[in-house]
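**Student:**
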Amino acid sequence: MNFTLNKSGFVTLNVYDILGRKVKTLISTTLETGLHQVDFNASALSSGIYFYEIRTANFQKINKMMVVR
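Counted the way this note's numbering counts, the sequence shown spans residues 1 to 69.
#1: Please name the residue or residues paired with residue 65 in a DSSP beta bridge.
#2: Distance check for residue 29 and residue 17, CA to CA, integer angstroms please.
#3: Which first and last residues belong to the beta strand (DSSP E) in which residue 27 is found?
#4: If you reduce the DSSP assignment to three classes, tell me which class residue 11 lands in.
#5: Output needed for residue 54: all residues of its chain with C-beta closer than 6 angstroms, excluding positions within five of it in sequence on either side, in chain order.
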């Protein structure tokens with residue numbers, strides 16, 4: 001997963017299942033401005049649709065992803 005921060009600050013990146021239950025926290029830390037890449041190992045997840053949420057103090061974005069076995 002790639003994302004760009006326009007302003008440094010505290011960032012969380014969480015993964016949720018189709019029912020909205022958090023299944024993984026990938027980031028929960030302060031990051032600098034710029035492009036960031038997060039490697040995500042989905043081997044512990046079942047096939048299905050998941051959502052990942054990137055959140056900062058002034059920004060939130062939710063995207064859908066599919067895990068296929």
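A virtual CB, placed ideally from N, CA and C, is assigned to each residue, including glycine.
**Tutor:** On the basis of the supplied data:
#1: As a first step, residue 65 is located in the sequence shown; it is residue number 65 there, counting from the start. Partner(s): 50.
#2: In the sequence shown, counting from the first residue as 1, residue 17 sits at position 17. In the sequence shown, counting from the first residue as 1, residue 29 sits at position 29. Taking the straight line joining both Cα atoms gives about 22 angstroms.
#3: Here residue 27 is taken as the residue at index 27 of the sequence shown, counted from 1. Residue range 22-31 is occupied by the beta strand (DSSP E) that includes residue 27.
#4: On the sequence shown, position 11 is the one that residue 11 refers to. Correct three-state label for residue 11: strand.
#5: On the sequence shown, position 54 is the one that residue 54 refers to. Excluding positions up to five away in sequence, the list reads 3, 13, 61.
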